[in-house]
Amino acid sequence: MPQAEQVVANPTYMGDIRYFFETIDIEHMAAKGIDLGSYAGVKKNALAIYAHTTQPNGDMPPEPDRKWSAERSQTFRNWIMNKYPMGTAVAPTVAKLALATPASRTRRNVASLTPAEIDQLKTAFTGIMARDASDPTSYVALAGVHGLPQTYCLHHEDRFNPWHRVYLKVFEDALRSVPGCQDLTLPYWDLTTPVPDLLKQAPFDSYVVPVDLGPPYGTNYRTTRFDQAGIDARLARYDVIQHFDSALVQTLWGVSGVSGMQDDFIAGHDGGHVSIGNTMADQNVASFDPIFWFYHCNLDRLWLRWQINDSATTLTGFTSTLDGNTGWLSAPFNELPPFEITADQTIAFDIAYEEPAMAATALVNKLGSIDAARAFVIPKAAKVSVMVKNIDRLNIPGSFEVHLKADGQVVATRAFFQPNAPRDCENCRKLALVNVNFKVDADLITDRKLTVEIEVPGHEEIGKGFPLSSVGSPTINARLLLEDA
Numbered sequence: 129m130p131q132a133e134q135v136v137a138n139p140t141y142m143g144d145i146r147y148f149f150e151t152i153d154i155e156h157m158a159a160k161g162i163d164l165g166s167y168a169g170v171k172k173n174a175l176a177i178y179a180h181t182t183q184p185n186g187d188m189p190p191e192p193d194r195k196w197s198a199e200r201s202q203t204f205r206n207w208i209m210n211k212y213p214m215g216t217a218v219a220p221t222v223a224k225l226a227l228a229t230p231a232s233r234t235r236r237n238v239a240s241l242t243p244a245e246i247d248q249l250k251t252a253f254t255g256i257m258a259r260d261a262s263d264p265t266s267y268v269a270l271a272g273v274h275g276l277p278q279t280y281c282l283h284h285e286d287r288f289n290p291w292h293r294v295y296l297k298v299f300e301d302a303l304r305s306v307p308g309c310q311d312l313t314l315p316y317w318d319l320t321t322p323v324p325d326l327l328k329q330a331p332f333d334s335y336v337v338p339v340d341l342g343p344p345y346g347t348n349y350r351t352t353r354f355d356q357a358g359i360d361a362r363l364a365r366y367d368v369i370q371h372f373d374s375a376l377v378q379t380l381w382g383v384s385g386v387s388g389m390q391d392d393f394i395a396g397h398d399g400g401h402v403s404i405g406n407t408m409a410d411q412n413v414a415s416f417d418p419i420f421w422f423y424h425c426n427l428d429r430l431w432l433r434w435q436i437n438d439s440a441t442t443l444t445g446f447t448s449t450l451d452g453n454t455g456w457l458s459a460p461f462n463e464l465p466p467f468e469i470t471a472d473q474t475i476a477f478d479i480a481y482e483e484p485a486m487a488a489t490a491l492v493n494k495l496g497s498i499d500a501a502r503a504f505v506i507p508k509a510a511k512v513s514v515m516v517k518n519i520d521r522l523n524i525p526g527s528f529e530v531h532l533k534a535d536g537q538v539v540a541t542r543a544f545f546q547p548n549a550p551r552d553c554e555n556c557r558k559l560a561l562v563n564v565n566f567k568v569d570a571d572l573i574t575d576r577k578l579t580v581e582i583e584v585p586g587h588e589e590i591g592k593g594f595p596l597s598s599v600g601s602p603t604i605n606a607r608l609l610l611e612d613a
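Everything in the sequence shown is counted per the working numbering, starting at 129 for the first residue and increasing by one.
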């Protein structure tokens with residue numbers, strides 16, 4: 129929020145204007161069908177907002193102590209006159225972060241645990257792994273929520289991060305139910321470092337599923353992973369770390385396979401899964417590998433870091449980052465089955481992560497398209513978005529790779545995470561047509577013959593190549609990425 133009421137000559141929505149509207153304002157006007165919680169809503173109603181808030185005759189907000197100052201009104205007018213720039217968020221200062229209410233649970237890096245904490249973590253995992261499959265707090269029952277046999281998990285959509293945030297807490301609560309582990313918090317594995325030695329030891333190195341998962345897994349399916357060299361090679365192949373780094377500096381929430389934080393974040397998520405091993409690459413069984421929990425704990429840490437940088441740790445702040453659909457934060461579209469907690473309740477979640485102090489982050493807002501009423505620039509070093517649109521993934525037997533080639537040479541590869549029989553997955557059927565978005569330097573592709581190929585890792589015995597003719601009628605969309613002027 130602005131430190132003082134002073135006129136801003138060149139205000140932006142993300143940097144200034146969104147802070148002018150409090151939760152009480154947004155809720156009050158929403159009941160009247162007026163949206164003050166998003167860029168689109170404020171822009172649409174900007175002239176009316178200016179008329180109703182400018183003194184001495186403005187009637188909103190109604191409370192005398194919340195009337196807009198002359199400086200605020202002038203800043204809002206400047207925003208209108210400058211053609212409603214979206215702008216970028218400004219990361220909060222260290223002083224402001226220090227004022228935040230401490231969370232009741234703080235999760236730590238698994239590599240920094242003390243010997244006593246390691247013993248407690250082993251006790252907790254061993255404890256829930258020993259429980260009968262009929263116990264909803266058993267390891268096998270909890271892992272079965274994500275994949276087989278229940279397949280509740282949500283991927284490649286807005287509720288992806290909220291669903292997994294709740295899932296981690298439910299799992300953490302089960303760990304805490306083991307005697308002597310009531311204060312335990314699930315640690316995270318920082319993906320920029322090798323798999324810690326601890327996660328290569330029992331009970332974290334593998335798991336044997338004690339129930340019949342059906343073909344091709346059967347009973348006593350054992351989880352497997354690649355060695356560190358194999359993991360490193362795949363993380364680099366799919367640009368996993370780069371995707372997460374890019375996600376953390378995006379201003380807008382965006383859409384999976386299109387733009388914003390979600391596009392890069394989910395690309396990193398998918399690539400990470402496929403990098404770790406055959407089990408983690410298969411949505412049906414990924415959560416049975418103990419490393420799944422440490423991996424996803426890290427992803428939740430990164431999402432929270434993005435929220436903090438983007439001033440999106442409250443529902444009001446988070447909603448202001450949505451440049452489009454907000455319906456998934458309201459009933460009944462906010463449900464996260466089988467959990468009772470809803471998507472909107474995950475935004476402020478009373479969980480923190482212990483990590484090194486974050487340096488101030490410069491956020492960006494790169495878009496493939498922009499409202500014609502907004503001024504924009506094409507940076508000299510602008511990347512090109514090459515989007516493969518409307519891939520019908522239901523015929524593809526498992527997680528797959530999409531390669532972008534220039535003159536026959538691979539210039540970028542994206543991994544897409546899904547079960548080996550996506551037609552049996554309700555969420556997959558609802559999102560059958562998916563996009564894969566490559567963001568590449570122009571000099572890698574200009575004046576070169578571009579082609580796209582799909583491969584399915586793990587099918588070497590019959591050939592990894594998957595014909596484009598079997599994935600519907602995908603199209604290619606190429607465009608320069610724009611920024612607000």
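The C-beta atom is built at its ideal place from N, Cα and C for all residues, glycine as well. Owing to the predicted nature of the structure, the values given are computational and were not obtained by experimental measurement.
- Take D340, set aside five residues on each side of it, and the residues of its chain with a beta-carbon closer than 8 angstroms to its own are G346 and T347, in chain order.
- Within the same chain, Cβ atoms closer than 7 angstroms to the Cβ of A560 are found at D520, R521 and L522, the five residues on either side in sequence being excluded.
- Relative to the Cα of N453, the nearest Cα in the group L430, P324, Y167 and D478 belongs to Y167.
- The C-alpha of A271 is placed about 11 angstroms away from the C-alpha of A261.
- A contact between stretches requires three or more CB pairs, one per stretch, nearer than 8 angstroms, and the segment 227 to 238 meets this requirement with the segment 306 to 319.
- When the beta-carbon positions are compared, I436 and P585 stay at least 8 angstroms from each other.
- Judged by pairs of C-beta atoms under 8 angstroms, the segment 238 to 248 does not touch the segment 449 to 469, as fewer than three such pairs exist.
- Take the alpha-carbon of T321 and the one of F299: they are about 24 angstroms apart.
- When DSSP states are grouped into helix, strand and coil, Q546 belongs to the strand group.
- H283 sits in coil when the DSSP states are folded into three classes, being neither helix nor strand.
- About 15 angstroms separates the beta carbons of N555 and G526, which is beyond the 8 angstroms limit, so they are not a contact pair.
- Within the same chain, and ignoring the five residues on either side of P465 in sequence, the residues whose Cβ sits closer than 7 angstroms to its Cβ are Y280.
- According to DSSP, Q370 shares a beta bridge with no other residue.
- Each of F446, L276 and R542 was checked against the Cα of P290, and the nearest Cα belongs to F446.
- Closest by C-alpha distance to A361, out of S374, P324 and S403, is S403.
- Listed in chain order, the beta strand (DSSP E) runs fully inside the segment 150 to 177 amount to none, counting runs of at least 3 residues.
- Residue environment analysis places T203 among the buried positions, since at least 16 neighbouring C-beta atoms fall within 10 angstroms of its C-beta.
- If only uninterrupted beta strand (DSSP E) runs of at least 3 residues are considered, those enclosed by the segment 556 to 611 are 561 to 569, 578 to 583 and 603 to 608.
- Residue pairing by DSSP leaves V238 without any beta bridge partner.
- Under the DSSP assignment, E483 falls outside any beta strand (DSSP E); it carries neither an H nor an E label.
- Assignment of V514 by DSSP, reduced to helix, strand and coil, places it in the strand class.
- The alpha helix (DSSP H) runs lying completely inside the segment 301 to 380 and spanning 4 residues or more are 356 to 365 and 368 to 376, given in chain order.
- Here DSSP, grouped into helix, strand and coil, assigns S266 to coil.
- Judged by beta-carbon spacing, F545 lies beyond the 8 angstroms limit of H424, meaning their Cβ atoms are not closer than that value.
- Between the beta-carbon of A231 and that of A606 there is about 43 angstroms, and that puts the pair past the 8 angstroms contact cut.
- Here Q278 has G272 as same chain residues with Cβ atoms under 6 angstroms from its own Cβ, once five neighbours each way along the sequence are excluded.
- The beta carbon of H180 is closer than 7 angstroms to those of G186, D187 and M188 in its chain, skipping five residues each way along the sequence.
- Beyond the five residues adjoining it in sequence on each side, L326 comes within less than 7 angstroms, by CB distance, of V238, I246 and F332 in the same chain, given in chain order.
- Measuring C-alpha to C-alpha distances from Q329 to each of A159, K250 and H531 identifies K250 as the nearest.
- For A471, there is no enclosing alpha helix (DSSP H), since its DSSP letter is neither H nor E.
- Shown here, I519 sits in a strand according to DSSP, grouped into three states.
- Inter-residue distance for P602 and T579 is about 12 angstroms (C-alpha atoms, whole angstroms).
- Put simply, of L596, R557, V568 and G382 the residue whose alpha carbon is nearest the alpha carbon of E583 is L596.
- Counting only runs that start and end inside the segment 396 to 460, the alpha helix (DSSP H) elements of at least 4 residues fall at 419 to 437 and 443 to 447.
- The way I'd put it, the segment 131 to 149 does touch the segment 206 to 217; three or more beta-carbon pairs between them come closer than 8 angstroms.
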